[in-house]
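>
Residue numbers (the working numbering), protein chains in the order written: chain A, 1 to 78; chain B, 79 to 100.
1. To the nearest angstrom, how far is it from the Cα of residue 40 (chain A) to the Cα of residue 53 (chain A)?
2. Less than 8 Å separating the beta-carbons of residue 42 (chain A) and residue 96 (chain B)?
3. List, in order along the chain, the chain B residues whose C-beta lies closer than 8 Å to that of residue 65 (chain A)?
4. At what residue ranges does the stretch 35-64 of chain A contain a whole run of the beta strand (DSSP E), taking only runs of 3 or more?
5. Report the three-state DSSP secondary structure of residue 78 (chain A) (helix, strand or coil).
6. Residues in the same chain with beta-carbon distance under 7 Å from residue 49 (chain A), minus the five sequence neighbours each way, listed in chain order, please.
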């Protein structure tokens with residue numbers, strides 16, 4: 001699919017923006033953590049859209065946030 | 079407090095409802 005851009009996001013309602021970002025993030029996160037991809041994606045969607053866009057373009061920042069999310073998730077579930 | 083329903087799970091192709099709980 002074509003890259004998701006800030007202008008494409010801005011043209012969509014807020015909930016649709018999160019949907020668009022989630023559809024892009026989920027397969028990337030699923031490749032890292034198949035069992036937790038849904039929960040991790042849900043957590044990351046609480047982050048600002050501008051930062052989520054950056055994460056889509058930067059695997060390093062995505063991996064960093066995914067690691068943070070897993071730590072929070074595990075602490076939450078204890 | 080602890081919310082056992084958090085975090086909301088994203089499912090591809092399913093309309094995202096996560097923000098409704100914030």
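Positions of the beta carbon are idealized from the N, C-alpha and C atoms, including for glycine.
Let's see:
1. 16 Å
2. For residue 42 (chain A) and residue 96 (chain B), yes; Cβs fall inside 8 Å.
3. Residues of chain B with a Cβ closer than 8 Å to the Cβ of residue 65 (chain A) do not exist, since the nearest Cβ in that chain sits about 13 Å away.
4. none
5. Correct three-state label for residue 78 (chain A): coil.
6. 9, 17, 21
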